[in-house]
Amino acid sequence: MSQYQLFATTPKAMEGILAAEIEALGGQQVQQKMAGVAFQGDLAMAYKACLWSRTANRILLLLGSFEVKSQQDLYDGVKRINWFEHMKPDDSLAVSFSSKNNPAINNTHFGALKVKDAIVDQMRAKFEKRPNIDTERPSIRVNVYLHNETAQLSLDLSGESLHKRGYRDVSIAAPIKENLAAAILLRAGWPKIAAAGGSLLDPMCGSGTMLLEGAMIAADYAPGLLRGYYGFLGWKKHDAELWQSLLDDANQRRDAGLNKMPVIVGFDQDRRTVATALQHVENAGLQGKIHIEKRDIDDASAAESWPKGLIACNPPYGERLGEEAETAELYRRFGEVLKSRFGGWQAAMIISNPELGFRLGLRSQKPITLFNGALECKLLRFNIEEKSFFEPKAKSQQERIEQIGRRTEREQPDNQAEMFGNRLRKNLKKLAKWAKQNQIHCYRLYDADLPEYAVAVDVYQGEQTWVNVQEYESPKTIDPAKANQRLAGAMVEIPKVLGIPKQQVFLKIRRKQKNTDQYEKQGDSGRFHVVEEGGCKFWVNFEDYLDTGLFLDHRPIRMLIQQQAKGKRFLNLFAYTGSASVHAALGGAVSSVTVDMSNTYLDWAKRNFDLNGIRGDHKLLRANCLTWLAEQAAAKPAAQFDLIFLDPPTFSNSKKMDDAFDVQNDHVPLLKNTAALLAPGGALYFSTNFRRFKMDTAALADLHIEDISASTIPEDFARDQKIHYCWRISR
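Per my numbering, residue 3 is the first one in the sequence shown, and the count goes up by one each step.
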């Protein structure tokens, strides 16, 4: 049987697990590569990789590689393959194309068309008939990866991602992918635990993915058995007899494995989620093998008859601001449950914020990096035994705020707080004069000037003066009690220096976030106040949200928009409370479109419009900006705007979005789609707060990009030149 050069793709950081799998299946010359594993094997090996790999996304069969310096090189290289060996003229075809660092072809759609044309032209020249295009379930799927000047041309034997096992048919919030769940269990040693008769428990099981993957591992149940479609089934070289023999063997192994299943149990607090998980169990044919019930984490416990084993789960990450206190409390409670009821068990869980792991009060083994989509996570593994227990020092946001509040009420600040007060007075003397001269009513007074007092102090002036205080998360080297004492001192000094009642000073605790969905609610006071900026009025709120509704560091870019808006058509994307749109409208924009996904913040923007008497062709649009942009860019003709402001989040995995958004990974298509809406001579202002952001200028070579960051950092933010980056982009 012929030997093939094969490549298995996998999510980032899972290459090692996949390599071990491929070797166990019989792959030869196995080599870990970026995002996958290269190996050799015959057709049976290729089929087994599709059928049995628990961590792969796709299995690619390499047809050839060639140099690409031009569009013609790509066409010729694909056409050199004898496609008659792989498909019939009346078959269907799909092409997946990706390109990196190749200046000749950097548009994936164009590259896919070139590949398709080469295949179709070859078939049509011989048979006077061309294959159809079917992007869903084609006879063959061709994959081309163009890196620098080398193209790798492959057949996708999997057809669609192998993480799609076939048992999940109901979508719930934030599901974990099947191959990630399998990787967690493999890394946690579940195969060995299961072989020894140990139990598997997921106390926050969601739709049951961890349980189902655990059951399939324990039962020697091939993860691909439920799939009715593979990319090789329509391939001309497909060996149906060989494939059937592998299926028959897998079925026999599954049937034998199901007769010796360990205890597998899941709990979840949501009745509908439990129903979803039970449906997935039925879809997998595992009724009676997995027990799932509605039970809160506080009530999680093991029956005496269950052998000690592994607790594995994908708990909430607390990525959305406003959920952090609730999530931290959940982890604390979970840690107490583990320590009090599961002594002698092992545990494994994936989290995105390592700080949350400390809330458990359990010392873990060395964390393992894994990725849940684009989100970098850590797999924590624990032996639940007394020597691993400790008392968590950290507390939730709300607890800390309440603690600081009590300290402030007692007015027992750190006796060094006078140093902070003196710096505040010095800053006020300088900035108050600057603000008055420039008619600025809201500004940053203090930004962690002194390392001991890591807070930001923002002054808002309206019918009275309010102060919004944000405490930055203290380094681990700082004693929490000392940090609390210093913050209490700062909270006493601020109203004294500014001469305002302490009730007009508001405290927020800001922690490092990988999801910038900063608009989640923190409270329900409903108290809003009016402030002014550049002749525009805005509603702000100091109690209910982490941010107030007005990002002060963007003041210069808003003023620039106001100055340039006269007679222009303005577009505001990821608009938040619409402040840039207000500036544009009052600056004389003839029309504007303000796009955001949140009804709450569009309502807030509407209130800002009404406050400023804005009427006419100024629209507020609720939409996923990414989807809306793609649709508008593809429209014929595309919508046209003379002035665009684009300020996306750093990262978002909002429930309202189909996929997670990462500004570093996704900015190229985002900017291309946005620039497609620019009218001739128009300007796009793109800003991001991601401090490690790097603009991919090579991929955006068709745009004129000017870095104007320095000119958009206001004087009150001069200490932090990385508060944001900003570019002026034109076509």
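The beta carbon of each residue, even a glycine, is placed where N, CA and C say it ideally should be.
DSSP places Ala681 in the strand class (E or B) of the three-state scheme.
Sorting Thr371, Thr329, Asp300 and Lys310 by C-alpha distance to the C-alpha of Val339 places Asp300 at the top. Per the Cβ contact rule, the stretch 579-589 is in contact with the stretch 597-611 (3 or more Cβ pairs under 8 Å). No Cβ-Cβ contact shorter than 9 Å links Ala587 with His556. Ranked by Cα distance from Ala637, the options Ala678, Phe653 and Glu388 are led by Ala678. For Cys538, the secondary structure class from DSSP, reduced to helix, strand or coil, is strand. Put simply, of Thr329, Trp308, Ala376 and Tyr333 the residue whose alpha carbon is nearest the alpha carbon of Trp347 is Trp308.
Around the C-beta of Ala198, fewer than 16 other C-beta atoms lie within 10 Å, and the residue is accordingly described as exposed.
With a contact defined as Cβ atoms closer than 8 Å, Phe384 and Ser366 qualify at about 5 Å.
Runs of the alpha helix (DSSP H) lying entirely within the stretch 246-333, each at least 4 residues long, are 273-285 in chain order. Judged by pairs of C-beta atoms under 8 Å, the stretch 505-512 touches the stretch 541-550, as three or more such pairs exist. Met47 places its beta carbon less than 9 Å from that of Leu27.
With the rule of 3 Cβ pairs closer than 8 Å, the stretch 721-730 counts as touching the stretch 683-702. Nearest in C-alpha terms to Ile219, of all of Phe9, Trp237 and Gly191, is Gly191.
Phe86 sits exposed, since fewer than 16 C-beta atoms from the chains shown fall within 10 Å of its C-beta. Taking all protein chains shown into account, Met212 has 16 or more neighbouring C-beta atoms within 10 Å of its C-beta and is therefore buried. DSSP lists Phe688 and Asp709 as the bridge partner or partners of Trp729. As the crow flies, the alpha-carbon of His240 is around 18 Å from that of Asp251. In the structure shown, the three-state DSSP call for His669 is helix. Residue state for Gln642 is assigned as coil, using DSSP reduced to three classes. DSSP, reduced to helix, strand and coil, places Ala586 within a helical segment of the structure shown. Between the alpha carbons of Ile178 and Asn374 lies a distance of about 7 Å. Shown here, His556 sits in a helix according to DSSP, grouped into three states.
Inside the stretch 340-370, DSSP marks whole beta strand (DSSP E) runs of 3 or more residues at positions 348-353, from first to last along the chain. Relative to the Cα of Lys341, the nearest Cα in the group Ile135, Gly236, Gly363 and Lys570 belongs to Gly363. DSSP places Ala437 in the helix class (H, G or I) of the three-state scheme. Between Met36 and Ala185 a beta carbon distance of about 17 Å is seen, past the 8 Å cut, so the two are scored as non-contacting.
Its chain contains no residue whose beta carbon lies nearer than 6 Å to that of Asp78 once the 5 sequence neighbours on both sides are disregarded. Annotation: the stretch 129-167 contains the following complete segments of the beta strand (DSSP E) (minimum length 3 residues), in chain order: 142-149 and 152-158. For the 9 Å CB-CB criterion, Ala221 and Gly259 form a contact. Between Tyr333 and Arg361, the C-beta gap is smaller than 9 Å, which places the two residues in contact. Every beta strand (DSSP E) stretch that sits fully inside the stretch 55-130 and reaches 3 residues is listed by chain position as 60-69 and 94-102.
DSSP places Thr629 in the uninterrupted alpha helix (DSSP H) bounded by Cys627 to Ala636. Annotation: Asn470 is outside any alpha helix (DSSP H); the continuous beta strand (DSSP E) that includes it extends over Thr467 to Tyr474.
Nearest C-alpha to Glu284 among Lys380, Leu575, Thr602 and Leu228: Leu228.
Ranking Asp270, Pro317 and Asp549 by CA distance to the CA of Tyr603 puts Asp549 first.
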